[in-house]
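Data first, discussion second: the structure below is written as structure tokens.
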Amino acid sequence: MNDRISAPNVYLYAFQLYHDSQGSDHPLWQQCEQILAKFTYSYEKLTPHLVFPTHSHRYCTDLLSDSSLPFNTRNPLIEGFAQPRQIQDSYAVCLNIGCREDGTANNLDVSFIENFNPNQALLISGDDNFLGQTLIVTAWLTEPNLPDNLDSLKPLADKCRDSLFSGDSPPSFYRSGKLFGSPIFEYGSLTDVPHYQHLFVWLLGDKQTDADFNTCQQEIFNLLFHRHKIIKAFQDSRQIYQELDAEYRTIEKNMEVLQQQFAQDTVLSSSQLQELQEQLKQLFCKSVTYTRLLRKLADFDNTIAINLYNYSEILQKICVMIESDKEELSILNSFSIKNAPQMRSQIAGDLGYFRHGTSLIEQAIASIRGIVEIEQARNDRAQQIELRNSETAEKNRDDRIESKVQAIGVGIAAGAICASSGTDKLFETLEQNHVPAPLILWHPFVFSFLLSGAIALLAAGITGWRTKPKK
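Sequence positions in the sequence shown follow my numbering and run 7 to 477.
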């Protein structure tokens, strides 16, 4: 086994949602221009040749009239092409940089691959709309390396990877297998989030492999698109998971505080009641936010399901095109039968767990609302009792005043009647009957006044006693 290869090539497949940034100013095309500028002295720019559909309902549309734009590089052994496309809601590009298969690049040292990625030019750093990229290194095996045992070829594949990522941290080995009859090695673990890098090193040993690859290039392009859509949806779901987890912990903490508060306070003051009403408003807002996050998590699961279906359909199409079965595509098929279902299972578990948070919020809202209503009813009842007592006291006061007024009125009336009903005759009668002093010694007016006053007081006292309000 030696470190020699023939006609190495690298294929860059990159994908990015276009959203509001459509047309030639899209960041993906600017990245392509920067990559091409590093390989050529003077080159024909890609963006002036792009033709964007105005209203396209096609699954995939080539954005160049000639499908691809070829270019030459500073190294006479290296050439390439750019193939931009619009796939559904995204822009995509395939950049090929490598050596011709005309015998001019045979028996090269594996370190030659460094020329394909100077200063890590092929590693695109995109924004949140960037779905991801896959690098595929192809190289023909030389005669000493033709025994295609996977274990014996892995060191050579590792050196191809290291040469491509010279000066940077390369992705770790993930798995190996055969694709179209030739050994292929996959690098980059899906657990390496958010620094996931995906690489295939494909060591060609059969001309039929090259023929099948050329036949299925468009399908592999589309296959990788759906793969990255699935991975991007899962990565975004992890961010939603973090937000939901933080919200869930906050809700649990609030519930503990409420339970402690209810356990300590049998009767809530008006300020505590007002505080509960504010907490009720906050829980309503949290309920809206929490439900929105749950819906987004479910949307990501739906995105994975749709793209997984498309991925499987394209795999089946490739099998028909090369007249093979999915066992021959095991390294591609394992993503659809193992990785993507695991992602969906993880999201399903998250949804099942966090949906309890919705019930928790609903219970909290119902509990607080019930307590607020009970306390308000209790306060209203206390206010009604206080008001009723106040009204009773005021009525009693009015009754007492009325009783006094009636007594005084009756007394005055009785005194007046007495004074006008013949006290003079009474005085004369007492005097004629020789009533002893001191009654007859008084002046008749004084006698009449005193007698009227006495009768008035007696009448007022009797009236006041009879009309006195009961407690």
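Even glycine gets a Cβ: it sits at the ideal position worked out from N, Cα and C.
| Check | Outcome |
| --- | --- |
| Could you pull the start and end residues of the beta strand (DSSP E) that Ile130 belongs to? | Element bounds for Ile130: n/a, residue is neither H nor E. |
| Quick one, are the C-beta atoms of Arg5 and Glu120 less than 8 angstroms apart? | Absent from the structure is residue 5, since the part of the chain shown begins at 7 and ends at 477. |
| What do you reckon, are the CB atoms on Ile93 and Glu225 nearer than 8 angstroms? | no |
| According to DSSP, what are the bridge partners of Tyr17? | Asn102 and Ile142 |
| Do Ala88 and Ala20 have their C-beta atoms closer together than 8 angstroms? | no |
| May I have a chain-ordered list of the alpha helix (DSSP H) segments no shorter than 4 residues that lie completely inside the region 31–55? | 33–43 |
| Which term fits Lys259, buried or exposed, when burial requires 16 or more other beta carbons within 10 angstroms of its beta carbon? | exposed |
| Does the distance from the C-beta atom of Phe227 to that of Cys38 stay below 8 angstroms? | no |
| Using the C-alpha atoms, what's the distance from Leu303 back to Leu156? | 40 angstroms |
| Spell out the partners DSSP gives Pro189 in its beta bridges. | Lys184 |
| Please classify Thr79: is it buried, with 16 or more other beta-carbons within 10 angstroms of its beta-carbon, or exposed? | buried |
| According to DSSP, is Leu196 helix, strand or coil? | coil |
| Identify, in the order they occur along the chain, each residue of the same chain with its Cβ nearer than 7 angstroms to the Cβ of Ser117, setting aside the five sequence neighbours on each side. | Ser169 |
| Going by DSSP in three states, Ser12 sits in which element: helix, strand or coil? | strand |
| Can you grab the Cα-Cα spacing for the pair Arg244 / Leu114, in whole Å? | 43 angstroms |
| For Leu321, name the three-state secondary structure that DSSP assigns. | helix |
| Can you tell me which residues form a DSSP beta bridge with Gly363? | None; Gly363 has no bridge partner. |
| Have a look at Asp307, Pro177, Ala13 and His61 and flag the residue whose alpha-carbon is nearest the alpha-carbon of Gly358. | Asp307 |
| Asn78 bridges to which residues according to DSSP? | Glu85 |
| With a threshold of 16 other CB atoms inside 10 Å of the CB of His232, please say whether the residue is buried or exposed. | buried |
| State whether the region 58–67 contacts the region 179–187, with contact taken as three or more CB pairs (one from each stretch) at a distance under 8 angstroms. | no |
| Output the boundary residues of the beta strand (DSSP E) element that contains Asp68. | Cys66 to Asp68 |
| Just to confirm my understanding: we take Leu128, look at its own chain, exclude 5 residues before and 5 after, and list those with CB closer than 6 angstroms. What are they? | Leu18 |
| Relative to the alpha-carbon of Lys213, which residue among Glu319, Ala354, Ile236 and Pro189 has its alpha-carbon at the smallest distance? | Pro189 |
| Using CA coordinates, which residue listed in Ile237, Arg298 and Leu229 is at the minimum distance from Leu321? | Leu229 |
| Which of the three DSSP states is assigned to Asp115 in this structure? | strand |
| Considering only the alpha carbon of each residue, which of Trp208, Thr295 and Thr221 lies closest to Thr256? | Thr295 |
| Compute the Euclidean distance between the alpha carbons of Glu368 and Gly355, then round it to the nearest angstrom. | 21 angstroms |
| Do Arg167 and Leu205 come within 8 angstroms of each other at the CB atom, strictly closer than that value? | yes |
| Straight-line CA distance for Pro14 to Lys184? | 18 angstroms |
| Out of curiosity, what's the CA-to-CA distance linking Arg406 and Ile391? | 22 angstroms |
| Can you tell me whether Thr110 is buried or exposed? The criterion is at least 16 other CB atoms within 10 Å of its CB, across all chains shown. | exposed |
| Looking only at its chain, what residues have a beta carbon closer than 7 angstroms to the beta carbon of Ala163, apart from the 5 residues adjacent to it on each side? | Phe191, Val207 and Leu209 |
| What residue from Asn112, Gly104 and Asn135 has the CA that sits closest to Phe122's CA? | Gly104 |
| Exposed or buried, what is Gly173 when buried is set at 16 or more other beta-carbons lying within 10 Å of its beta-carbon? | exposed |
| Quick one: grab the DSSP three-state call for Val263. | helix |
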